[in-house]
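Student: So that we are looking at the same thing, I have put the structure below in structure tokens.
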Amino acid sequence: MVASLFSELIKSTASPYEETLAYEFLYSDPSATLKRISGKTVGLGKTPSEVLEEESGLLDLRESDRYKEFQETIDHKLGSFDLFRYSISS
-6 MVASLFSELI KSTASPYEET LAYEFLYSDP SATLKRISGK TVGLGKTPSE
44 VLEEESGLLD LRESDRYKEF QETIDHKLGS FDLFRYSISS
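Following this line, the structure appears as structure tokens:
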């Protein structure tokens, strides 16, 4: 029972990193506006990664070169920031 509760918790937990990547990818569309993205996410109660998954259909956009470019950029901007290490030293 504990294992099933844990797996449900993991499924329902949003990763800020993954959501940032998905949001940046959605916003990179030339026709994207804040209003359109908000309508797809907040307006429908979905996360950016859920919208990205729906829009990609059978393709996994996370494997695309464009998505990987965003991933590299965000990783570079984050640097070696480690929340766990930061919270312990505080």
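Using the working numbering, you'd call the opening residue of the sequence shown number -6 and step up by one each time. Every residue, glycine too, gets a C-beta built ideally from N, C-alpha and C. Since this is a predicted model, take the numbers as computed values, not measurements.
Can you check which of these residues, T34, L27, T26 and K28, is closest to E12 by C-alpha distance?
Tutor: Cα-wise, what sits closest to E12 is T34.
Student: From the DSSP output, in three-state form, read off D53 for me.
Tutor: Of the three classes helix, strand and coil, the one that applies to D53 here is coil, per DSSP.
Student: Note down the Cα distance separating L52 from D22, rounded to an integer number of angstroms.
Tutor: Rounded to whole angstroms, L52 to D22 spans 17 Å at the Cα level.
Student: Cutting at 8 Å between CB atoms, please list the residues of its own chain near F63, excluding the five before and the five after it.
Tutor: L14, E17, F18 and S21.
Student: Quick check: the Cα distance between V44 and T26, rounded to an integer number of angstroms?
Tutor: Straight-line Cα distance between these residues: approximately 15 Å.
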